[in-house]
């Protein structure tokens with residue numbers, strides 16, 4: 082998160098022509114840090130369920146914590162690839178490393194990760210104690226749910242168009258955040274809902290680019306920018 086925020090600060094800096102070399106050097110440092118974080122994420126192995134201590138809550142067995150750990154790893158990769166597209170171009174076998182859903186093209190890497198995050202959250206019962214730490218991955222994955230008109234095509238599963246699939250997942254995100262509003266009722270939940278609706282509205286107004294190979298629609302409209310513009314900064318942890 083801090084890497085992406087620093088990149089956005091760097092992008093908005095106004096420097097003289099002679100300072101462009103310095104800006105590029107700073108970006109390379111951020112890219113190196115992002116690349117190191119990616120390697121750590123791919124090397125990390127989530128422990129076996131038997132090694133997780135039972136907290137004594139029948140609604141929150143140990144496997145729920147493992148699911149959330151996988152969820153956060155996918156969400157972090159999503160932010161890395163969205164913030165630093167160069168990492169996606171040099172990716173290793175991500176599908177094997179993080180059990181990412183199969184994707185037929187790099188164009189759908191960002192969406193594939195978003196679907197993976199939301200699939201995990203959907204499979205976790207809504208009365209799980211982990212619901213209180215689901216807001217950030219919901220925001221990250223939900224903010225990637227945009228597709229250009231020319232990217233709508235029939236999927237192998239059920240022949241549902243990609244756009245329809247995106248809309249289905251948006252509906253899930255709305256419902257889960259609504260539940261969080263009722264169950265938790267804290268300001269960050271309301272802020273996340275406002276940010277997502279604005280992100281989706283802006284995404285839907287974008288025409289997209291048929292040569293989009295890095296999930297650039299998700300890059301054009303980033304939830305951090307919306308949060309800053311709308312003065313909705315808060316803690317989503």
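In my numbering, the protein residues as written are 82 to 318. The beta-carbon is built from N, C-alpha and C at its ideal position, and this holds for glycine as well. Predicted, not measured: the structure shown is a model, and the values here were computed from it.
Among the options, nearest to residue i - alpha-carbon criterion
i: residue 158; options: 204, 214 and 120; result: 120
i: residue 152; options: 208, 287 and 216; result: 216
i: residue 243; options: 226, 253, 257 and 258; result: 226
i: residue 143; options: 211, 107 and 160; result: 211
i: residue 311; options: 302, 275 and 286; result: 275
i: residue 154; options: 263, 122 and 301; result: 122
i: residue 262; options: 207, 149 and 117; result: 207
i: residue 258; options: 149, 301 and 218; result: 218
i: residue 302; options: 254, 221 and 267; result: 221
i: residue 287; options: 309, 108, 228 and 246; result: 228
i: residue 190; options: 200, 169, 201 and 203; result: 169
i: residue 269; options: 315, 255 and 167; result: 315
i: residue 130; options: 145, 102, 306 and 137; result: 145
i: residue 156; options: 308, 214, 279 and 110; result: 214
i: residue 114; options: 103, 203 and 165; result: 165
i: residue 160; options: 299, 309, 307 and 308; result: 299
i: residue 163; options: 116, 252 and 260; result: 116
i: residue 205; options: 245, 103, 109 and 150; result: 150
i: residue 255; options: 306, 203 and 167; result: 203
i: residue 192; options: 307, 167, 109 and 247; result: 247
i: residue 74; options: 284, 209 and 106; result: The chain is shown only over 82 to 318; residue 74 falls outside these bounds and no answer can be derived.
Under the three-state DSSP convention, the category residue i falls into
i: residue 224; result: coil
i: residue 249; result: helix
i: residue 209; result: coil
i: residue 240; result: Only weak support is given to the placement of residue 240: the predicted model assigns it a pLDDT of 41, under 50, and the question is left unresolved by the model.
i: residue 258; result: helix
i: residue 276; result: helix
i: residue 265; result: coil
i: residue 306; result: helix
i: residue 218; result: helix
i: residue 136; result: coil
i: residue 125; result: coil
i: residue 101; result: helix
i: residue 196; result: helix
i: residue 177; result: Any reading at residue 177 must be qualified, since the residue scores a pLDDT of 44, below 50, and its modelled position is unreliable; the value itself is stated next. It is helical.
i: residue 313; result: coil
i: residue 281; result: helix
i: residue 293; result: In this prediction, residue 293 has a pLDDT of 46, which is less than 50 and means its spatial position is unreliable; nothing more can be read from the coordinates.
i: residue 109; result: helix
i: residue 287; result: coil
i: residue 184; result: Its pLDDT being 46, under 50, residue 184 is placed unreliably in this model, and the value from its coordinates should be taken loosely. Residue state, collapsed to three classes: coil.
i: residue 300; result: helix
Whole-Å CB distance - residue i paired with residue j, under 8 Å assumed
i: residue 133; j: residue 147; result: 7 Å
i: residue 264; j: residue 317; result: 16 Å between Cβ atoms; not a contact.
i: residue 223; j: residue 277; result: 5 Å
i: residue 280; j: residue 250; result: In fact, because the Cβ distance is near 13 Å, the residues do not count as touching under 8 Å.
Self-check item: the stretch 120-138 contacting the stretch 193-208, beta-carbon criterion three pairs below 8 Å
Solution: Result no; under three Cβ-Cβ pairs closer than 8 Å.
Quiz item: Taking the runs of the alpha helix (DSSP H) that are 4 residues or longer, which of them lie wholly in the stretch 142-172?
Solution: As far as the stretch 142-172 is concerned, its whole alpha helix (DSSP H) runs of at least 4 residues are 143-164 and 166-170.
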